[in-house]
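Colleague: Take the sequence shown: its position 63, counting from 1, is numbered 76 in this note's numbering, and each next residue is one higher.
Quick one: this structure, given as structure tokens, is what I'll be asking you about.
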Amino acid sequence: ISREGEIIDMGVEHGFIEKAGAWYSYGGNRVGQGKDNSREYLRENPALAKEIEEKIRAKIGIAKGGAVSKDEGSPDE
């Protein structure tokens, strides 16, 4: 399982990465033709991969490291 591949899959699923035919795009810029080339592009551009991952985590409510926000914890009773 590839971290970059998961970023691509989840990015498409949550609307951050666009897929048109074999092309993947992010922010209007083509990332690669085909998933393998797109994965390689993210490996070569870790800052971009991190940016997409952070957007995905924010959208699905998972902080880096799996931390839960104060509001989501158990009540103090």
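Glycine included, every Cβ here is placed at the ideal spot set by N, Cα and C.
Quick check: the Cα distance between residue 72 and residue 24, rounded to an integer number of angstroms?
Modeller: Their Cα atoms are separated by approximately 10 Å.
Colleague: Got a sec? Which residues, its chain only, sit under 7 Å from residue 17 by beta carbon, not counting five neighbours each side?
Modeller: Same-chain partners within the cutoff: 52, 55, 56, 62.
Colleague: Runs of 3 residues minimum, wholly inside the region 38–73: which ones carry the beta strand (DSSP E) assignment?
Modeller: Counting only runs of 3 or more, we get 42–46.
Colleague: Going by DSSP in three states, residue 75 sits in which element: helix, strand or coil?
Modeller: It is coil, neither helix nor strand.
Colleague: Of the residues 27, 46, 15, which one's Cα is nearest the Cα of residue 67?
Modeller: Checking every option, the nearest Cα to that of residue 67 belongs to 27.
Colleague: Pick from 48, 75, 70, 31: whose alpha carbon is nearest that of residue 42?
Modeller: If we check each option's Cα against that of residue 42, 31 comes out closest.
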